[in-house]
Each structure stands twice: as structure tokens, then as C-alpha cells.
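For reference, the structure is listed below as C-alpha cells.
Residue numbers (the numbering used here): 464 to 704.
Structure, rendered in C-alpha cells:
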């Protein structure tokens with residue numbers, strides 16, 4: 464199916480292996496990439512066709528799904544850097560088999576060095592069919608990005624929790640010590656904090672924390688309950704800090 468999609472892609476919609484350069488979404492595990500459409504900003508409309516095997520649509524539903532994700536194109540010549548996932552700049556940009564896919568995740572401001580918002584994939588189950596499918600993208604603002612369509616399964620919070628709990632983070636303790644030391648301050652400065660209170664209740668649920676968790680780039684001492692942290696992330700597409 465991927466080969467058929469590449470052959471059907473019009474001039475300017477080349478494939479460059481985006482699926483090998485994208486980070487896996489925490490709540491979606493792809494099993495196959497069926498289409499990649501690169502938009503270089505030179506045209507307002509780009510399209511390609513891709514094929515789904517007979518019986519694919521019957522298997523969709525539950526945890527099985529076809530999803531589309533959008534990624535910013537790297538500078539010319541950069542063939543290795545991971546692709547940055549982006550939101551859709553305008554509604555109505557994506558059409559599958561002549562139907563506008565809605566709603567599309569909107570752009571959000573990212574003022575921080577480590578933005579906490581993740582763009583959720585767009586589910587295409589209601590738009591695709593077995594056999595030949597056409598994907599069309601309207602790009603009035605001439606953005607440079609690539610759209611990747613993948614078949615896979617959604618992942619439940621419980622499964623992600625299990626994966627996280629199995630990870631042995633050997634650097635976690637050192638990072639924690641460094642964070643506390645930085646927050647307490649240096650006694651040589653003439654003013655330092657001697658004590659630091661940490662609430663053992665999750666700020667999101669107000670329940671007692673069983674498994675403490677927080678983002679890798681978080682600079683706060685306060686932690687969240689892992690299950691609540693993941694539920695919030697899945698529901699709001701945001702890694703809270």
C-alpha cells in the first residue's frame with residue numbers, strides 16, 4: 464500500500480521516510496504507514512492516493528484506527544533530525560475522499576522552551592474505505608510540513624502506566640537531588656532556604672500520591688499521581704507542569 468501511495472503521489476509530493484523520523488505518540492502505536500504527503504509551500508493544493516487492504520475498515524473500531532499526523536519539515540539538507548509534530552493551521556485543510564476532516568487540532572501558543580502541549584493524531588476511521596483513498600490538503604498559507612497516515616492501535620492509560628513502571632530510571636535520583644539543591648539555594652549567597660515542603664497529594668486529583676510522576680523537563684519539586692497525570696495528558700493533550 465505504501466508503494467502504491469508513492470507511485471500515485473503527484474509531482475512535489477515526494478516521500479522521504481518521515482515515518483522513520485517521528486516520535487511515537489504515547490497513546491497511539493502505529494503498525495503500518497500507508498501514506499506520506501510532503502507540502503513544500505509551493506502549491507495551495509496537494510493530494511495523493513493510498514490503498515487499504517480489503518477488510519481493513521471492518522477491523523477498525525475499538526483500539527484499531529487509521530490516524531493522520533502533521534510534522535514540520537526540517538531545513539533542506541537535514542536528513543536525520545526527528546520531525547517536530549505540529550497542529551493544523553486552519554480548519555478544513557484535510558480532506559479524505561472529498562470529505563473535510565473535522566475537527567482538526569488547532570494551533571496553540573508555545574511560549575516555553577519545553578512546550579507542554581502535544582498535538583493529538585486525527586482519527587480517519589469515518590472517512591476511509593477499503594481500496595483506493597484520496598487525501599487532499601489545502602495549504603493557503605504555504606506552510607512547509609508533511610502529513611503521515613498510519614494504521615495502528617490506541618493505547619489505554621493503564622498500558623502506559625505499566626510501561627512507565629517497568630522503566631528503571633537510573634538518573635532519576637541524581638536529577639532529584641540537583642533540583643532540590645538548586646531550589647534550596649547556595650549558602651554562599653548569604654540567603655538560602657533551609658526547608659522545603661512537598662505536598663503528598665496530587666494537585667490534579669487532591670488524592671494521595673501512590674506513584675509520583677512528572678515531566679522530564681519539569682523544574683518543580685511537586686509531583687503528580689501517575690494515573691491522574693496520564694489521564695489528564697490523554698484527555699487534554701497536555702503534559703501538565
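Quick reminder that beta carbons are idealized off the backbone N, C-alpha and C, glycines included.
In the pairwise beta carbon analysis, the stretch 485-500 is classified as touching the stretch 603-612: at least three pairs are separated by under 8 Å. For residue 624, the secondary structure class from DSSP, reduced to helix, strand or coil, is helix. In this structure, 597 is the residue among 597, 677, 607 and 671 with its C-alpha nearest to the C-alpha of residue 514.
Taken in chain order, the complete alpha helix (DSSP H) segments of 4 residues or longer contained in the stretch 505-570 are 519-522. For residue 502, the enclosing beta strand (DSSP E) begins and ends at 491-502.
Only residues of its own chain outside the window of five on either side were considered, and among them 563 have a CB closer than 6 Å to the CB of residue 555, listed in chain order. If you look at residue 691, you'll find it in the alpha helix (DSSP H) that goes 689-699. Ranked by Cα distance from residue 588, the first of 524, 621 and 490 is 524.
Within a 10 Å sphere around the beta-carbon of residue 488 sit 16 or more other beta-carbons, which makes this residue buried. Contact annotation: the stretch 544-559 does not touch the stretch 660-680, with fewer than three C-beta pairs closer than 8 Å. One alpha carbon belongs to residue 662, the other to residue 682, and they sit about 16 Å apart.
Here DSSP, grouped into helix, strand and coil, assigns residue 644 to helix. Just measuring C-alpha positions, the residue of 483, 617 and 516 sitting nearest residue 534 is 483. Beyond the five residues adjoining it in sequence on each side, residue 558 comes within less than 6 Å, by CB distance, of 599 in the same chain, given in chain order.
For the options 624, 560, 641 and 594, the alpha carbon positioned closest to that of residue 510 is the one of 560. Looking at the DSSP output, residue 598 shares a beta bridge with 511 and 559. Here DSSP, grouped into helix, strand and coil, assigns residue 607 to coil.
Listed in chain order, the non-local C-beta contacts of residue 685 below 8 Å within the same chain comprise 661, 662, 666 and 677, local neighbours out to five positions each way being set aside.
Residue 543 and residue 536 have their C-alpha atoms some 12 Å from each other.
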